[in-house]
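**Student:** Chains as they are written, first to last, in our numbering: chain A, 2 to 113; chain B, 83 to 193. Here it is: the structure, laid out below.
As structure tokens, then:
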């Protein structure tokens, strides 16, 4: 069966520090991968999605970046965090050609 | 603009009652999906209804889709306290690779 992992679960970082959030998927090959951010009490904002290794589409201009170094690994990064980067970050995957998405447990990021 | 918009934003009911949430969207779709999110957790896919379907059931869930009105509803029958969560509708982009989520309905079921 397929599983998706995200870490860390929670993170508190100072403004200006770097960020690296990791997401890995098991039990499937060549998945579409997604990074979302969710503000408290709000819907999901798509940040990045990837249909293959090294293929990243950016949805929102910001100081975040994403990379896909391996088929089932998706990394969200920042060189310098802003206060506005605080939020709940969710990784998800889907099977190419299907629309249903499967979500990880999320990372709660607080930038102070 | 938001593709999927749910209403109400918040709903509070007693255990045993039915809960109905609505979703409206703007463009043509080939399917519409409903997800559930418990507080502080990831989203869980509940049900997918295709554009050629009008109604679909899954356990205590009933989803309807009216493509002429560009709207969908999610009915949870005989609600339980454990149904307390946020519920989101989502519609795919034409390519099928991306979903657009609404702002969600926060459902509270009081025991």
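All C-beta atoms in this analysis are idealised placements derived from N, C-alpha and C, irrespective of residue type, glycine included.
For residue 56 of chain A, is the classification buried or exposed, using 16 other Cβ atoms within 10 angstroms of its Cβ as the cut-off for buried?
**Tutor:** exposed
**Student:** Would you say residue 31 of chain A faces chain B, with C-beta separation under 8 Å as the test?
**Tutor:** no
**Student:** Strictly under 8 Å for the Cβ-Cβ distance: is residue 43 of chain A near chain B by that measure?
**Tutor:** yes
**Student:** What is the residue span of the beta strand (DSSP E) that residue 193 of chain B lies within?
**Tutor:** Careful: residue 193 of chain B lies outside any beta strand (DSSP E) and carries neither H nor E.
**Student:** Would you please verify whether the beta carbon of residue 93 of chain B is less than 8 Å from any beta carbon of chain A?
**Tutor:** no
**Student:** Please report how far the alpha carbon of residue 169 of chain B lies from the alpha carbon of residue 130 of chain B, in whole angstroms.
**Tutor:** 13 Å
**Student:** Identify which residue in B/136, B/187, B/98, B/106 has its Cα closest to the Cα of residue 194 of chain B.
**Tutor:** Absent from the model: residue 194 of chain B. The displayed extent of chain B is 83 to 193, so no value can be given.
**Student:** Assign residue 182 of chain B to one of two classes, buried (16 or more other C-beta atoms within 10 Å of its C-beta) or exposed (fewer than that).
**Tutor:** Residue 182 of chain B is buried by the Cβ-count criterion.
**Student:** Rounded to a whole number of angstroms, what is the C-alpha to C-alpha distance between residue 96 of chain B and residue 104 of chain B?
**Tutor:** 19 Å
**Student:** Considering only the beta carbon of each residue, do residue 134 of chain B and residue 167 of chain B sit closer than 8 Å?
**Tutor:** no
**Student:** Would you mind giving the Cβ-Cβ distance between residue 58 of chain A and residue 33 of chain A, rounded to the nearest angstrom? I have them listed as a contact below 8 Å.
**Tutor:** Not a contact, Cβ separation roughly 10 Å.
**Student:** DSSP three-state call for residue 84 of chain A: helix, strand or coil?
**Tutor:** helix
**Student:** Name the residue from A/111, A/11, A/35, A/25 whose alpha carbon lies nearest to the alpha carbon of residue 82 of chain A.
**Tutor:** A/111
**Student:** Here's a check: name, in chain order, each residue in its chain whose Cβ is nearer than 8 Å to the Cβ of residue 15 of chain A, leaving out the five neighbours to either side.
**Tutor:** 82, 112, 113
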